[in-house]
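For what it's worth, the numbering used here labels the leading residue of the sequence shown as 33, then goes sequentially. Every residue, glycine too, gets a C-beta built ideally from N, C-alpha and C.
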Amino acid sequence: MKIRVLAVLSVVLLMLVAVAACGGGGSGGSSGGNSGGSSGGSDLSDTIVLPDGWEMLDAVSVADVEAVVGASGYKPWSETLSDAAAGKPQGSYATDEGPVSKINFLVYTKDGQAEYDRVADFVENATPVSGDLWDQAIFGDMPDAGEKLVALLVRRGDVCMRILWDPAYYAKWDQTELGVKLATMLIGNLYGK
C-alpha cells in the first residue's frame, strides 16, 4: 500500500514539476492550474458543446477509447442507469473479455459541486490530481459490489465526471495517468469548439 501511495504521489509531483516548467499560468477560463493533459484550456468552450439530452456515445466513441488505451476491439456497453434526459448520461466501452475490460464514463451535467462532493465520499484512498482542464479532481479506489475498481472523479465548473475501471485489467498502465488521459479526452470532446 505504501508503494502505491508513493507511486501516486510521484506522479502528482511530476505533474506539478511539469506545470512549473510550462509557466504554471491558468488559461483564464473556469479552470485553474495547468495540464490535466495536452489540450490547452483556451481551445475549449466554457460549457458543454453537445445539445441537451446527449448520450455518452455522442461524447465518446469507440475510437476515442481505443486511441487512449492503445488497443482495439472495444464496443459500446449499455448502462441501464444512464439518464441523459435528466443530465446524467452514462456509458461504457469493453472488449469481448466482458466486464473486466469495461471503462465506464458518467457525467452529471447539473449540480456539479454537489455531485462531486457526494461521489467523493465513495472514493477511498483519494489523492488530488491537479490539471488545467478541471477545477477539482481526485483519484482513488471505488469498490463496487465486491469488485476492486478505481476512479478518477473530476469537476469542471458545474459538471461532474466519473471514470471507473478495473486496475488489474489495465495493470500495464500507471492508473492515475490512464485516468488523466481518459478525462482529457472526455473533456476535449465535451467542451471542444
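Proximity winner among Val161, Leu218 and Thr112, relative to Ala99 (alpha-carbon distances): Sequence index remark: in the sequence shown, residue 99 carries index 67 (1-based). Minimum Cα distance to Ala99 is reached at Leu218.
Neighbourhood of Glu129 by C-beta distance below 8 Å, restricted to the same chain and skipping five residues each side: If you number the sequence shown from 1, residue 129 lands on position 97. Same-chain partners within the cutoff: Tyr201.
Inter-residue Cα distance where the pair is Tyr223 and Tyr140: Within the sequence shown, numbered from 1, the residue matching residue 223 stands at position 191. Within the sequence shown, numbered from 1, the residue matching residue 140 stands at position 108. So the alpha carbons of these two residues sit roughly 14 Å apart.
Nearest-angstrom Cα separation, counted from Ala177 out to Leu165: Working through the sequence shown from its first residue, we reach residue 165 at position 133. Working through the sequence shown from its first residue, we reach residue 177 at position 145. Rounded to the nearest angstrom, the two C-alpha atoms are 31 Å apart.
Neighbourhood of Arg194 by C-beta, 7 Å cutoff - its chain only, sequence neighbours within 5 removed: On the sequence shown, position 162 is the one that residue 194 refers to. Only Leu138, Val151, Ala183 and Leu185 meet the Cβ criterion.
Three-way DSSP call (helix, strand, coil) for Val133 in this model: On the sequence shown, residue 133 is found 101 positions in, with the first residue counted as 1. Correcting the residue identity first, residue 133 is Ser in this sequence and not Val. The answer is helix: DSSP assigns Ser133 an H, G or I state.
Beta-carbon proximity check, Thr127 vs Val161, cutoff 8 Å: Your numbering for residue 127 matches position 95 in the sequence shown. Your numbering for residue 161 matches position 129 in the sequence shown. Against a cut-off of 8 Å, the Cβ pair of Val161 and Thr127 comes out as no contact.
Contact check, Gly172 vs Glu147, beta carbons under 8 Å: One-based indexing of the sequence shown puts residue 172 at position 140. One-based indexing of the sequence shown puts residue 147 at position 115. It is not a contact, given that the beta carbons lie outside the stated cut-off.
Where Gly163 falls: helix, strand or coil (DSSP): Residue numbering aside, residue 163 sits at position 131 when the sequence shown is read from its first letter. Here Gly163 sits in coil by DSSP.
Opening and closing residue of the alpha helix (DSSP H) in which Asp149 lies: For this step, residue 149 is matched to residue 117 along the sequence shown. Run containing Asp149: Gly144 to Ala152, per the alpha helix (DSSP H) assignment.
N- and C-terminal bounds of the beta strand (DSSP E) containing Met193: In the sequence shown, counting from the first residue as 1, residue 193 sits at position 161. Here the beta strand (DSSP E) through Met193 covers Val191 to Trp197.
8 Å contact criterion, which Gly123 and Met88 should meet: CB distance rounded: In the sequence shown, residue 123 corresponds to position 91, counting from 1. In the sequence shown, residue 88 corresponds to position 56, counting from 1. Correct: roughly 3 Å between the Cβ atoms.
Whole-angstrom C-beta distance between Asp115 and Asp190, which should lie under 8 Å: Taking the sequence shown and counting its residues from 1, the one referred to as residue 190 is at position 158. Taking the sequence shown and counting its residues from 1, the one referred to as residue 115 is at position 83. Wrong, their Cβ atoms sit about 17 Å apart, outside the cutoff.
Distance between Asp198 and Ser77 (C-alpha atoms, nearest Å): Counted from its first residue, the sequence shown places residue 77 at position 45. Counted from its first residue, the sequence shown places residue 198 at position 166. If I take the Cα positions, the gap works out to 31 Å.
For Leu76, the residue or residues it bridges with in DSSP: Taking the sequence shown and counting its residues from 1, the one referred to as residue 76 is at position 44. Answer is Gly224.
Close beta carbons around Asp96, own chain, < 6 Å, minus the five adjacent residues each side: Residue 96 sits at position 64 when you count from the first residue of the sequence shown. Met217.
Distance between beta carbons of Asn221 and Ala103, contact taken as under 8 Å: In the sequence shown, the residue the question calls residue 103 occupies position 71. In the sequence shown, the residue the question calls residue 221 occupies position 189. Contact doesn't hold; Cβ gap of about 19 Å is too wide.
Limits of the unbroken alpha helix (DSSP H) element including Asp90: Within the sequence shown, residue 90 is the residue found at index 58, counting from 1. From DSSP, the alpha helix (DSSP H) with Asp90 extends over Met88 to Ala91.
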